[in-house]
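The working numbering applies: residue 5 is where the sequence shown begins, and numbers increase by one.
Glycine included, each C-beta is placed from N, C-alpha and C at the ideal position.
Note that this is a predicted model, so its numbers are computed, not measured.
Please read the structure below before turning to the comments.
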Amino acid sequence: MIRLDKWTQPLYNLEARINDDLKMKKWKEKRRWHINIILMFLHHFFDRINYSMRNTFLHDHYIFMKFKKNKIIGLLSIINSSVCLVISPIVGYYCDKHKKERKKMLQFISVSYLLVNIIHYMFIRTNSLSLIIFVTAISKMLHECSHVITESIFIESIDRGKKSLIFTYQKLISTVATMLGPFFCLILFYVYNDKWNIKNIFIIFQFSILTIVPQTIISFLWENKTVDTIKNSEEIELLTKKNDKKYMFCFSTKHIPYIVFVSHMITLAGAGYN
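Printed below as a string of structure tokens:
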């Protein structure tokens with residue numbers, strides 16, 4: 005009996021150690037975020053600062069002060085929206101069909117976007133309206149391409165059942181960054197005289213280009229790999245509840261994506277009109 009314990013005790017210890025290691029590994033995997041999630045938070049932070057600094061109102065007001073025509077502002081809005089409408093489905097289709105090439109494409113687009121923005125704010129002082137419209141449309145197209153590709157990589161880096169928390173953090177970061185943009189504008193106006201003129205607005209445009217540099221660097225750090233497809237207990241539980249549909253009038257849970265899509269269409273249409 006003593007000899008049996010002598011041989012079995014190490015096996016029990018080894019088994020306990022293996023179980024502890026497996027539990028620790030599962031705990032780490034459960035706690036650890038994919039690197040793409042962190043990169044997306046940083047990318048979104050600088051993108052929102054850039055957007056809020058040189059927002060549509062500031063850009064449109066600059067165009068109005070330069071050309072003294074409201075029709076040009078409407079024309080720019082139509083062209084930019086049309087460019088996004090055409091390019092987004094094409095890039096989305098490409099991301100689905102050529103997932104391995106997404107990172108290279110994103111790097112090329114990010115560098116091009118930085119260069120085009122530098123060119124944009126070099127030529128925005130020109131009196132050539134056609135050139136301004138062309139460069140603005142190219143800049144908008146590249147930004148939309150970058151947005152679609154980053155979202156494509158980002159969404160596939162999140163474990164199923166954990167998207168709500170990640171999107172909540174992303175929304176909070178977006179809100180903070182959107183607040184910082186006008187704050188930086190306030191500082192620039194304070195430094196370069198508190199005057200609403202073409203010169204000061206142009207300085208803000210120049211400064212906003214600096215926020216594109218971190219986004220360009222981040223494009224070279226993405227990992228073009230999806231998360232493991234092994235189903236954990238939480239995912240299995242979600243899949244078992246998939247058939248448990250809830251109804252409200254003639255709508256069920258499967259209609260939620262379509263309801264959100266229509267809601268965004270109405271909201272953004274009103275925002276564009278305003």
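Using CA coordinates, which residue listed in 225, 223, 213 and 174 is at the minimum distance from residue 122?
As a working mapping, residue 122 is identified with position 118 in the sequence shown. Here the closest residue by C-alpha is 213.
Grab me the residues of residue 120's own chain with a C-beta within less than 8 Å of its C-beta, minus the 5 sequence neighbours each way, in chain order.
Taking the first residue of the sequence shown as 1, we reach residue 120 at position 116. 139, 142, 143 and 146, listed in sequence order.
Would you mind giving the Cβ-Cβ distance between residue 115 and residue 149, rounded to the nearest angstrom? I have them listed as a contact below 8 Å.
The sequence position of residue 115 within the sequence shown is 111, counting from 1. The sequence position of residue 149 within the sequence shown is 145, counting from 1. Incorrect: roughly 12 Å between the Cβ atoms, too far for contact.
Rounded straight-line distance, which links the Cα of residue 92 to that of residue 98
Locating residue 98 in the sequence shown gives position 94, where the first residue counts as 1. Locating residue 92 in the sequence shown gives position 88, where the first residue counts as 1. The straight-line gap from Cα to Cα measures roughly 10 Å.
7 Å CB neighbourhood of residue 8 in its chain, flanking five on each side removed:
By one-based count along the sequence shown, residue 8 stands at place 4. Bear in mind that the predicted position of residue 8 carries a pLDDT of just 49, short of 50, making it too unreliable to give a figure here.
Going by DSSP in three states, residue 148 sits in which element: helix, strand or coil?
Residue mapping note: residue 148 aligns to position 144 of the sequence shown, counting from 1. DSSP places residue 148 in helix when its eight states are reduced to three.
Would the segment 178–192 count as touching the segment 50–59 if we require 3 or more Cβ pairs under 8 Å?
yes
Cβ shell of residue 162 (< 6 Å), same chain only, five flanking positions each side left out
Numbered from its first residue, the sequence shown carries residue 162 at position 158. The answer, listed in chain order, is 170.
From 217, 128, 191 and 107, pick the residue whose C-alpha is nearest to that of residue 65; which is it?
By one-based count along the sequence shown, residue 65 stands at place 61. Closest option to residue 65, Cα to Cα, is 128.
Within 10 angstroms of its Cβ, does residue 168 collect 16 or more other Cβ (buried), or is it exposed?
Translated into the one-based positions of the sequence shown, residue 168 becomes position 164. Exposed.
For residue 224, which of helix, strand or coil comes out of DSSP?
Position 220 of the sequence shown holds residue 224. Note: residue 224 maps to coil in three-state DSSP.
Let me know if residue 124 comes out buried or exposed under the rule of 16 or more other beta-carbons within 10 Å of its beta-carbon.
As a position in the sequence shown, residue 124 is number 120, starting the count at 1. Result: buried.
Which runs of the alpha helix (DSSP H), 4 residues or longer, sit entirely within the segment 47–76?
60–71
DSSP three-state label for residue 160, please.
In the sequence shown, counting from the first residue as 1, residue 160 sits at position 156. Residue 160: coil per DSSP, three-state reduction.
Between the segment 199–207 and the segment 75–92, do at least 3 Cβ pairs fall closer than 8 Å?
no
Where residue 177 and residue 48 are concerned, what is the direct C-alpha to C-alpha distance, given to the nearest angstrom?
As a first step, residue 177 is located in the sequence shown; it is residue number 173 there, counting from the start. As a first step, residue 48 is located in the sequence shown; it is residue number 44 there, counting from the start. Distance between the alpha carbons of residue 177 and residue 48: 8 Å.
Among the candidates 180, 208 and 181, whose CA atom is the shortest distance from the CA of residue 193?
Your numbering for residue 193 matches position 189 in the sequence shown. Here the closest residue by C-alpha is 208.
Assuming residue 89 contacts residue 218 (C-beta within less than 8 Å), just tell me the rounded distance between them.
Here residue 89 is taken as the residue at index 85 of the sequence shown, counted from 1. Here residue 218 is taken as the residue at index 214 of the sequence shown, counted from 1. About 28 Å separates the two Cβ atoms, so there is no contact after all.
Separation of residue 136 from residue 118, as counted between CA atoms
In the sequence shown, counting from the first residue as 1, residue 118 sits at position 114. In the sequence shown, counting from the first residue as 1, residue 136 sits at position 132. Cα-Cα distance, rounded: 16 Å.
On the CB-based measure, 16 or more other CB atoms within 10 Å of its CB, does residue 164 come out buried or exposed?
One-based indexing of the sequence shown puts residue 164 at position 160. Result: exposed.
Segment limits, alpha helix (DSSP H) that includes residue 185
For this step, residue 185 is matched to residue 181 along the sequence shown. 167–195 is the extent of the alpha helix (DSSP H) around residue 185.
Unbroken stretches of the alpha helix (DSSP H), 4 residues or longer, contained in the segment 70–133
74–101 and 106–127
Evaluate residue 126 with the Cβ neighbour count: other Cβ atoms within 10 Å of its Cβ, from every protein chain shown; 16 or more gives buried, anything less gives exposed.
By 1-based counting over the sequence shown, the position of residue 126 is 122. Exposed, by the Cβ-count rule.
Put residue 6 into one of helix, strand or coil per three-state DSSP.
Here residue 6 refers to the residue found at position 2 when the sequence shown is read from its first residue. With a pLDDT of only 48 at residue 6, under 50, the local geometry of the prediction cannot be trusted, and the value read off the model is given with reservation. Residue state, collapsed to three classes: helix.
Below 8 Å on the Cβ atoms is my contact criterion, and I expect residue 42 with residue 109 to pass it. Report the Cβ-Cβ distance as a whole number of Å.
Translated into the one-based positions of the sequence shown, residue 42 becomes position 38. Translated into the one-based positions of the sequence shown, residue 109 becomes position 105. With 8 Å as the limit, residue 42 and residue 109 do not qualify as a contact, their Cβ atoms being about 21 Å apart.
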